[in-house]
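Protein chains in written order, with our numbering: chain P, 1 to 261; chain C, 1001 to 1290.
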């Protein structure tokens, strides 16, 4: 890339379909390193799908994603992913410490035990989110906010440079929200890239540096303060049926040709 | 020296090994919400056994086990593929593959293999009571029932499998997406687990029948899940519960003169009810104390 190190995640002409229905369509954006970026849009806009395609886990119908100029699959352990809280079973018999230790797994060889360094990273991460005192608890004992902080600690212990979080602020109290935001700001200040799927339009411009307004297509991308204009919001939150039928019909008619980046 | 234990003792030992081996793989099925798939595999292995017999005309485990593994993996793969195709929702794919494979196994069995040792009643209900009588010899000595030794081998293989794959199995059950970012071969471990389930069920069906296998895959693991804080606790506890159900159920069947297999399943179910009741009771008492 000519514009070099500032772009952490390059999304180019990204398209993803489930069962021939487009979920993402021709999405372009360059997400900068050292910034906190929000992905906003209505339900079903493809926000979580965008995160998963950045992770490199979804078959793309068009386009590509590059992380620091390389395919995601080559830098997988540099990307920390925090799924929505509902995606895992919180009754699973596993302790807080074990959950966070999970992020050290790729650094261990088969059968190798966790080293002092691994343990130190796990402790640091748990202390950062103020959950060290709970490390021996089973995860089912925790409140929503605590569960979310454990997930954040797991991402931190991975020592990644890209952090992808799916609705990290959903269902948590304002105090946890503020303390998590502080962690994001520290990460960004250290040069890491933080991307959150976010649902609260009111806090976008105060919490985030940049924002991507999404509804299957990219509606707008840029500094958080300018993206959420009245016009853009209207476009994002009322335009979906039309976009879907248009694209869906083209797919069904098989007129659709792959655009390659 | 021959191993000289009474038939009754062998019966307890065999039933205990059934409980242990099934709950070993059952824990992972329960945690991954795949109990239904375990249920399906424990029936579709019949198709694998019958096909292996039709091809090789032999009832040797050398052919039966690979046949069962292939049928089990095909069940797991096909039911997954049906739900991924997106036209049929949820676990309906499992229901379809389960019934079709099992029915096909039954048809082939009654058509081509009517006069062999594979007996349908035996496949479904098992003959736990007779399993101590089918003994094997080693170096000319009677060393006890075949079912005991083959089940012991399964328990050892399962233990090795879980020991080697513990972290990978744990993480891919808890959070498969993040496990994948950490380089865990989630799909590989899924199919290895399905192979383990196939081996476990086919060996168990021989001695106790599919119905008890289904119960033992699901019930002890679910009780253990209610009581465990960590995965290792759950694995140990579910094995103990498998043994407890075996001993309790057989004792019950002797008193009530009922089918041992069915009694073991009932006993396990009773323990589950008791644990749920106690847990509810104590959590309510705990709330009241607050």
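Heads up, the beta-carbon is just placed ideally off N, CA and C, and yes, glycines get one too. Just so it is clear, the structure is predicted and the values come from calculations on it, not from any experiment.
Give the interface partners of residue i over in chain C, defined as CB-CB distance under 8 Å, in chain order.
{"i": "residue 88 of chain P", "result": "1174, 1175"}
Run down chain P in chain order and give the residues with a C-beta less than 9 Å from the C-beta of residue i.
{"i": "residue 1183 of chain C", "result": "76, 77, 105, 106"}
{"i": "residue 1031 of chain C", "result": "89, 92, 93"}
Below 8 Å on C-beta distance, what does residue i contact in chain P?
{"i": "residue 1171 of chain C", "result": "102, 105"}
{"i": "residue 1225 of chain C", "result": "91, 93"}
Just to confirm the assignment, what range does the beta strand (DSSP E) spanning residue i have?
{"i": "residue 264 of chain P", "result": "What is shown of chain P runs 1 to 261, which leaves residue 264 of chain P out entirely."}
{"i": "residue 1144 of chain C", "result": "1141-1145"}
{"i": "residue 163 of chain P", "result": "162-166"}
{"i": "residue 211 of chain P", "result": "210-215"}
{"i": "residue 1183 of chain C", "result": "Premise fails: residue 1183 of chain C is in no beta strand (DSSP E) and is neither H nor E."}
{"i": "residue 1135 of chain C", "result": "1135-1138"}
{"i": "residue 193 of chain P", "result": "193-197"}
So is residue i in contact with chain C if we call contact Cβ pairs under 7 Å?
{"i": "residue 81 of chain P", "result": "yes"}
{"i": "residue 93 of chain P", "result": "yes"}
{"i": "residue 19 of chain P", "result": "yes"}
{"i": "residue 16 of chain P", "result": "no"}
{"i": "residue 260 of chain P", "result": "The pLDDT assigned to residue 260 of chain P is 44, lower than 50, so where the model puts this residue is not dependable, and the model offers no usable value."}
{"i": "residue 241 of chain P", "result": "Here the model assigns residue 241 of chain P a pLDDT of 49, short of 50, so the residue's position is not dependable and the matter cannot be decided."}
List the residues of chain C that residue i touches, going by C-beta distances under 9 Å, in chain order.
{"i": "residue 138 of chain P", "result": "1228, 1229, 1230"}
{"i": "residue 55 of chain P", "result": "1177, 1180, 1181"}
So is residue i in contact with chain P if we call contact Cβ pairs under 7 Å?
{"i": "residue 1086 of chain C", "result": "yes"}
{"i": "residue 1038 of chain C", "result": "no"}
{"i": "residue 1178 of chain C", "result": "yes"}
{"i": "residue 1290 of chain C", "result": "Legend: pLDDT at residue 1290 of chain C = 46, less than 50; position of this residue unreliable, no value from coordinates given."}
{"i": "residue 1001 of chain C", "result": "For residue 1001 of chain C, the predicted model reports a pLDDT of 45, less than 50, meaning its position is unreliable and no value from the coordinates is stated."}
Report the rounded CA-to-CA distance for residue i versus residue j, giving the unit in angstroms.
{"i": "residue 4 of chain P", "j": "residue 33 of chain P", "result": "Residue placement at residue 4 of chain P is poorly supported in this model, since its pLDDT is 42, which falls under 50; the coordinates still yield a value, given next. So the two alpha carbons sit approximately 11 Å from each other."}
{"i": "residue 1230 of chain C", "j": "residue 1246 of chain C", "result": "24 Å"}
{"i": "residue 223 of chain P", "j": "residue 108 of chain P", "result": "39 Å"}
{"i": "residue 1224 of chain C", "j": "residue 1276 of chain C", "result": "11 Å"}
{"i": "residue 1194 of chain C", "j": "residue 1046 of chain C", "result": "15 Å"}
{"i": "residue 88 of chain P", "j": "residue 62 of chain P", "result": "29 Å"}
{"i": "residue 1079 of chain C", "j": "residue 1054 of chain C", "result": "25 Å"}
{"i": "residue 131 of chain P", "j": "residue 1284 of chain C", "result": "27 Å"}
{"i": "residue 48 of chain P", "j": "residue 1093 of chain C", "result": "26 Å"}
{"i": "residue 124 of chain P", "j": "residue 55 of chain P", "result": "25 Å"}
{"i": "residue 1147 of chain C", "j": "residue 216 of chain P", "result": "58 Å"}
{"i": "residue 1258 of chain C", "j": "residue 1210 of chain C", "result": "18 Å"}
{"i": "residue 190 of chain P", "j": "residue 1269 of chain C", "result": "55 Å"}
{"i": "residue 51 of chain P", "j": "residue 11 of chain P", "result": "11 Å"}
{"i": "residue 258 of chain P", "j": "residue 218 of chain P", "result": "Only weak support exists for where residue 258 of chain P lies, its pLDDT of 48 falling under 50; the coordinates are left without a value."}
{"i": "residue 1290 of chain C", "j": "residue 1227 of chain C", "result": "Reliability of the predicted coordinates at residue 1290 of chain C is poor, the pLDDT of 46 falling under 50, and no value is obtained from them."}
{"i": "residue 93 of chain P", "j": "residue 1142 of chain C", "result": "43 Å"}
{"i": "residue 287 of chain P", "j": "residue 175 of chain P", "result": "Here chain P comprises residues numbered 1 to 261, so residue 287 of chain P is not present and cannot be evaluated."}
{"i": "residue 210 of chain P", "j": "residue 159 of chain P", "result": "23 Å"}
{"i": "residue 128 of chain P", "j": "residue 161 of chain P", "result": "17 Å"}
{"i": "residue 1272 of chain C", "j": "residue 25 of chain P", "result": "50 Å"}
{"i": "residue 1282 of chain C", "j": "residue 77 of chain P", "result": "43 Å"}
{"i": "residue 1145 of chain C", "j": "residue 1182 of chain C", "result": "45 Å"}
{"i": "residue 14 of chain P", "j": "residue 163 of chain P", "result": "20 Å"}
{"i": "residue 1189 of chain C", "j": "residue 147 of chain P", "result": "27 Å"}
{"i": "residue 178 of chain P", "j": "residue 141 of chain P", "result": "23 Å"}
{"i": "residue 1036 of chain C", "j": "residue 1044 of chain C", "result": "12 Å"}
{"i": "residue 186 of chain P", "j": "residue 30 of chain P", "result": "21 Å"}
Could you check if residue i belongs to the surroundings of the ligand ZN, using beta carbon to heavy atom distance under 6 Å?
{"i": "residue 1132 of chain C", "result": "Here there are no bound small molecules, and the ligand ZN is not part of this structure."}
For the alpha helix (DSSP H) containing residue i, name the first residue and the last one.
{"i": "residue 1038 of chain C", "result": "1035-1056"}
{"i": "residue 22 of chain P", "result": "Looking at the DSSP string, residue 22 of chain P is not in any alpha helix (DSSP H); the run it does join, the beta strand (DSSP E), is 21-32."}
{"i": "residue 285 of chain P", "result": "With chain P covering 1 to 261 only, the question about residue 285 of chain P has no answer from this structure."}
{"i": "residue 10 of chain P", "result": "No alpha helix (DSSP H) holds residue 10 of chain P; the beta strand (DSSP E) holding it covers 7-18."}
{"i": "residue 38 of chain P", "result": "No alpha helix (DSSP H) holds residue 38 of chain P; the beta strand (DSSP E) holding it covers 36-40."}
{"i": "residue 1247 of chain C", "result": "1231-1256"}
{"i": "residue 1201 of chain C", "result": "1186-1208"}
Starting from residue i, find everything on chain P with Cβ-Cβ shorter than 7 Å and list it in chain order.
{"i": "residue 1167 of chain C", "result": "105"}
>> Under 8 Å, with one C-beta from each stretch per pair, do the stretch 91-108 of chain P and the stretch 1168-1177 of chain C reach the 3-pair mark?
In response: yes
>> Short of 9 Å Cβ to Cβ, which residues in the stretch 1229-1249 of chain C face chain D?
In response: The chain labelled as chain D is not found among the protein chains of the depicted structure, namely P and C.
>> Any contact between the stretch 1156-1167 of chain C and the stretch 1201-1221 of chain C? By contact I mean 3 or more CB pairs, one from each, below 8 Å.
In response: no
> How about the stretch 132-151 of chain P and the stretch 67-76 of chain P: do they share at least three Cβ pairs that are nearer than 8 Å?
Replying inline: no
> Does the pairing of the stretch 1096-1103 of chain C with the stretch 1069-1083 of chain C give three or more beta-carbon distances under 8 Å?
Replying inline: yes
>> Contact between the stretch 1014-1030 of chain C and the stretch 1232-1239 of chain C is defined here as three or more beta-carbon pairs at a separation below 8 Å; is this criterion met?
In response: yes
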